[in-house]
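In my numbering, the protein residues as written are 3 to 640. Ideal placement from N, C-alpha and C gives every residue a C-beta, glycine not left out. Here the structure is laid out as structure tokens; the discussion comes afterwards.
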RNA sequence: GCGCCUGUAGCUCAAUGGAUAGAGCGUUGGCCUCCGGAGCCAAAGGCUAUGGGUUCGAAUCCCGUCAGGCGCGCCA
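Here is the structure:
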């Protein structure tokens, strides 16, 4: 825990004690904010406004009375003032607060396990920019939970049985007339399928006979008939590996790959269905058009969703309900597990299996909280799962079931033209155009990453012509990753990202590379500080040594840096990871301003130099940690 | 039709019900004998779509209007 979190908790206790007997605080929580301007204090609270509503008194009168009682009774506060009609503005004992920043506070242990499901791309073609938003958000979410002390498990759901895989299997076997050996010989299968998927979907739309063939292939896969079954398994696994490699480039890792085929093979749905039927949550449809189907009534929109078809097969929703019940350990069954892949850092990925493997059971799942990172278009189904959890009496699980919903990535009409793709009539006037793998209308994730790498490498070479090729490449990649990841999280979740190459490739201003550059320059200062040079003893440092303007700038930075933990909690509580991007950007802007005004190395006064050096070190510690939550690494040079 | 979301500077976006609505890009003009110019400083640019309401206080909450997007399949 960092000082600001502890301080606010302490202030709440002290305020409650100081006002005891004089004001009835019951039900009014003291909330703190850091005002935009320091003339309104270091911390402010609107406690008097909240109390005024309750006690039916004037806010200003209350605030004045409260301030009088608080004066001198808050350990960390130098002064309490009333302003703006009733705000209570607290001015901290700044030197003490700064000293406290250097003390390490233990994190409270949190025994809640969090499961984050993200990525979950159909394994039938390469990933595109829409998938990148999902994976970047999911990864930052997982990192934030870990930072706050939760045990986190990242799952990636693989729909390896669906019609989408059947589409490309039909394309490979029956349209391109390839046998298994020829399929295995394809060098870049995922990219090959990217084209093929769009092409076969054109054919299916035009030709009903071919569409019927596709359904036949799907059925043969379900019945495990060859060669379709083997082709399907091969394709799903190879494409999955391709997705894992793509995400690995961005530093995104998984713990468990949960396969739909295993959910089916282990009959998870049957385990869930008994309870659903017993409770009357799932029942035969009264609608003659859905005769023989089992349905769940979706209360919010007053419609019924088919869970079991009249041919007794289970729909996607049914399987998803069973899978999510498993995540909460609400089914009396488990997957089997097998190691699938290991990252260079040794971190293993496991995959579910339908047969015993010798690996221990019950090592995955059993989550206390579940985040499903899935775009907003699936809200209806995710809400339905939440509803079903509640109806089954699992109110705690229902409350801890979070659809981490975000808007889609779309293409601007200009972007579509730039890629040499055709616009349909009327689309020119649209604000944006939906990404569609089916229509082959999307930017491939690997292509975008390659473009970013290329641009970044050019910039690095220009600035550091002496850098060894291998080193330059490493630096360029770190910059490309920062640019992409920052771009994917800096928008609000319900903002549609209308993708634009120029904006995504931007390395200046509000961008990932700007953040890196700030730290690179800072590290360059620290490199030049002699190893044994700690400056003057830190304890001697007081803000009083500094001139007015620097004292203000120095304090602003310390105050902002102290908010790291509070900012992460805020981002998580509000489902707005973009607030962390904004926080990081604001900090770097402040630092770059400071850097410009106050030289560290050239400063003659040892006390001032020590203060500056302390601040630089504090900034490095906090902001590197913050950027690591965003998945941004700091290169040595750039 | 039903459900969800959005409308803020020329463009792309920020802003826990809080104090003078902020950034980036673009435009205009400055700053490298200085710890790295992927940087810094400054100017111009706003009736927060629109009409009401609630509140000490509204871009934010509620109702209406206008404009746009997404979802609603015995697909996944």
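From the DSSP output, read off the bridge partner residues of residue i.
| i | result |
| --- | --- |
| residue 340 | 353 |
| residue 376 | 407 |
| residue 165 | BP columns for residue 165 are empty, so no partner. |
| residue 46 | 35, 91 |
| residue 555 | Note: residue 555 sits in no beta bridge, so no partner. |
| residue 284 | 298 |
| residue 154 | 116 |
| residue 122 | None, per the DSSP bridge assignment. |
Would you kindly work out how many angstroms separate the C-alpha atoms of residue i and residue j, rounded to a whole number?
| i | j | result |
| --- | --- | --- |
| residue 344 | residue 157 | 15 angstroms |
| residue 170 | residue 325 | 26 angstroms |
| residue 612 | residue 543 | 7 angstroms |
| residue 321 | residue 267 | 11 angstroms |
| residue 13 | residue 62 | 21 angstroms |
| residue 328 | residue 184 | 39 angstroms |
| residue 395 | residue 18 | 38 angstroms |
| residue 474 | residue 95 | 46 angstroms |
| residue 347 | residue 119 | 22 angstroms |
| residue 503 | residue 109 | 41 angstroms |
| residue 215 | residue 293 | 27 angstroms |
| residue 467 | residue 205 | 51 angstroms |
| residue 595 | residue 589 | 10 angstroms |
| residue 548 | residue 463 | 40 angstroms |
| residue 481 | residue 507 | 11 angstroms |
| residue 629 | residue 623 | 10 angstroms |
| residue 242 | residue 417 | 28 angstroms |
| residue 136 | residue 278 | 31 angstroms |
| residue 505 | residue 450 | 12 angstroms |
| residue 182 | residue 419 | 37 angstroms |
With a threshold of 7 angstroms on Cβ separation, who are the neighbours of residue i within its own chain once the five nearest residues in sequence on each side are excluded?
| i | result |
| --- | --- |
| residue 148 | 154 |
| residue 341 | 350, 352 |
| residue 271 | 316, 320, 321, 324 |
| residue 98 | 78 |
| residue 75 | 16, 20 |
Would you mind sorting residue i into buried or exposed? The rule is 16 or more other CB atoms within 10 Å of its CB.
| i | result |
| --- | --- |
| residue 479 | buried |
| residue 125 | buried |
| residue 107 | exposed |
| residue 405 | buried |
| residue 494 | exposed |
| residue 598 | exposed |
| residue 314 | exposed |
| residue 5 | buried |
| residue 496 | exposed |
Between the beta-carbon of residue i and the beta-carbon of residue j, is there less than 7 angstroms?
| i | j | result |
| --- | --- | --- |
| residue 200 | residue 442 | yes |
| residue 198 | residue 173 | yes |
| residue 485 | residue 511 | no |
| residue 483 | residue 140 | no |
| residue 600 | residue 552 | yes |
| residue 127 | residue 422 | no |
| residue 219 | residue 168 | yes |
| residue 435 | residue 429 | yes |
| residue 388 | residue 331 | no |
| residue 412 | residue 500 | yes |
| residue 602 | residue 615 | yes |
| residue 447 | residue 121 | no |
| residue 477 | residue 358 | no |
| residue 143 | residue 373 | yes |
| residue 575 | residue 492 | no |
| residue 114 | residue 370 | yes |
| residue 151 | residue 112 | yes |
| residue 437 | residue 407 | no |
Give every residue of the same chain whose Cβ lies closer than 8 angstroms to the Cβ of residue i, excluding the five residues on either side of it in the sequence, and list them in chain order.
| i | result |
| --- | --- |
| residue 303 | 382 |
| residue 64 | 25, 50, 53, 54, 57, 88 |
| residue 222 | 230, 231 |
| residue 333 | 270, 273, 274, 324, 327 |
| residue 235 | 162 |
For residue i, which residues from the same chain have a beta carbon less than 6 angstroms from its beta carbon, with the 5 sequence-adjacent residues on both sides left out?
| i | result |
| --- | --- |
| residue 145 | 631 |
| residue 261 | 160, 162, 354 |
| residue 46 | 35, 37, 89, 91 |
| residue 123 | 129, 133, 245 |
| residue 363 | 336 |
| residue 84 | 65, 66, 69 |
| residue 521 | 636 |
| residue 400 | 388, 391, 392 |
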